[in-house]
Amino acid sequence: MLTIDYEKKSSIREAYGKKLVELGSKNSNVVVLDADLSASTQTKFFAKEYPERFFNVGIAEQNLITTSAGLALSGKIPFASAFAVFITGRAYDQIRTSVCYQHANVKIIGTHGGITVGEDGATHQALEDVSLMRGLPNMTVIVPADCNECEQAMEYALEHNGPVYIRVARNSLPDIYSWNYKFNPNKAVVLKEGKDITLISNGDVLSEVCKASDILQKQGVNAEIISVPVVKSFDSETVINSVKKTGLAVTVENHSINGGLGSAVCEALSEYYPANVMRIGIKDEFGQSGDAKSLLKYYGLDSESIANRIIKEI
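Below is the structure:
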């Protein structure tokens, strides 16, 4: 059993915003850009501390990315922030050509990823962003599950020379990892060992997966849990070794089942160790308006729905 306090939650967006200030104090080349959403993305903390290194480009995501690319090619380390749906969708061509093709040292942070954006509805719910970023050469894609992992992912992004996309949830999250957790960009994390199935997840639904494993345990199903914060580059080895033991992979993501974590797992297994995979996520559809908790349940991403579907299938 995992020891997670599910009732105690912290804002991962706030952790991101405050960590930016810390990174800015360590490295004077860090600059932050935003598309008129600093209160939502929490870049407001950096703007207050380092106003001369903060740039609000307005509601113009294409300009956000091209300006970031120019700053990166001039020796700065830009962190560009906006809603995930806008920064990846509206500015895709600029990310592809000005950032990835140039191998520009730009860090792109998409906040409010997935259906848990809530009442803003389908137009604001990024369900394709991981797929879009994962398909680009030179791009690293990270989906942290709690504040600790987000902060460490940002430290990695600062030191890594090249484009990085970090997806940050809107909702507050419980602490998944203990204080001594060390983020490794090359390795997935086995959170809990098991023998019957392999549960693979990341981001804000990882806590739901952990709760689902407790429900499954009571039903006699011993699940292994693997956290995959880095969707690209993908750690195939850890996943394959687990599935060799359990025989069944179940992926859970707050994202379309097409092109994201589920697809990465399917690709790895089909190439190296063919096995059964159950993908739980958003099917080929858009989201809708509603509070985050209700939407998780509606789309089958809450702990009870995850556990019930697995029990039904196996």
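Residue numbers (the numbering used here): 1393 to 1706.
Glycine is no exception: its CB is placed at the ideal position from the N, C-alpha and C atoms.
For residue i, the first and last residue of its enclosing alpha helix (DSSP H)
i     : result
F1478 : A1476 to G1481
Y1690 : A1684 to Y1690
E1585 : Element bounds for E1585: n/a, residue is neither H nor E.
E1629 : S1628 to T1638
V1657 : L1653 to Y1664
DSSP-derived helix/strand/coil call for residue i
i     : result
F1438 : helix
N1448 : strand
S1466 : coil
T1426 : Strictly speaking, residue 1426 in this sequence is Asp, with Thr absent from that position. In this structure, D1426 counts as strand in the three-state DSSP scheme.
N1700 : helix
A1641 : strand
S1402 : strand
P1566 : strand
H1495 : coil
V1535 : coil
S1490 : helix
N1578 : coil
I1592 : strand
S1709 : The requested residue 1709 is not part of the displayed model; the chain covers only 1393 to 1706.
N1646 : strand
Pick from the options that is closest to residue i, judged by C-alpha positions
i     : options                       : result
S1430 : Y1408, I1649, Q1517 and V1669 : Y1408
T1503 : N1614, V1597 and V1477        : V1477
K1636 : K1624, S1655, V1669 and S1402 : V1669
V1498 : R1445, I1618, V1424 and F1475 : V1424
Opening and closing residue of the beta strand (DSSP E) in which residue i lies
i     : result
L1528 : It is not in any beta strand (DSSP E) - L1528 carries neither H nor E in the DSSP assignment.
E1616 : A1615 to S1619
V1622 : V1622 to K1624
Y1548 : Unbroken run through Y1548 is the alpha helix (DSSP H), C1539 to E1551; no beta strand (DSSP E).
K1499 : K1499 to T1503
Y1557 : V1556 to V1560
V1601 : Careful: V1601 lies outside any beta strand (DSSP E), inside the alpha helix (DSSP H) at L1598 to K1610.
V1669 : N1668 to I1674
Where residue i falls, given that 16 or more other Cβ within 10 Å makes a residue buried
i     : result
Y1569 : buried
P1555 : buried
E1600 : buried
K1440 : exposed
I1451 : exposed
Residue i versus residue j - alpha carbon distance
i     : j     : result
A1641 : L1653 : 12 Å
V1422 : G1506 : 28 Å
A1660 : D1521 : 20 Å
H1552 : W1571 : 23 Å
K1584 : E1541 : 17 Å
I1672 : D1485 : 29 Å
A1449 : T1395 : Here residue 1449 is Val; the residue named in the question, Ala, does not match the sequence. Distance between the alpha carbons of V1449 and T1395: 43 Å.
L1688 : T1508 : 7 Å
E1543 : I1607 : 30 Å
K1704 : Q1611 : 12 Å
K1493 : I1558 : Here residue 1493 turns out to be Tyr, not Lys, going by the sequence shown. Distance between the alpha carbons of Y1493 and I1558: 19 Å.
I1674 : H1647 : 6 Å
V1597 : A1684 : 11 Å
V1533 : I1706 : 32 Å
G1679 : G1513 : 6 Å
A1615 : S1697 : 16 Å
N1419 : V1535 : 24 Å
G1639 : I1617 : 14 Å
D1676 : A1549 : 31 Å
Any C-beta of chain C under 7 Å from that of residue i
i     : result
R1562 : Among the protein chains of the structure shown there is no chain C, as only one such chain exists.
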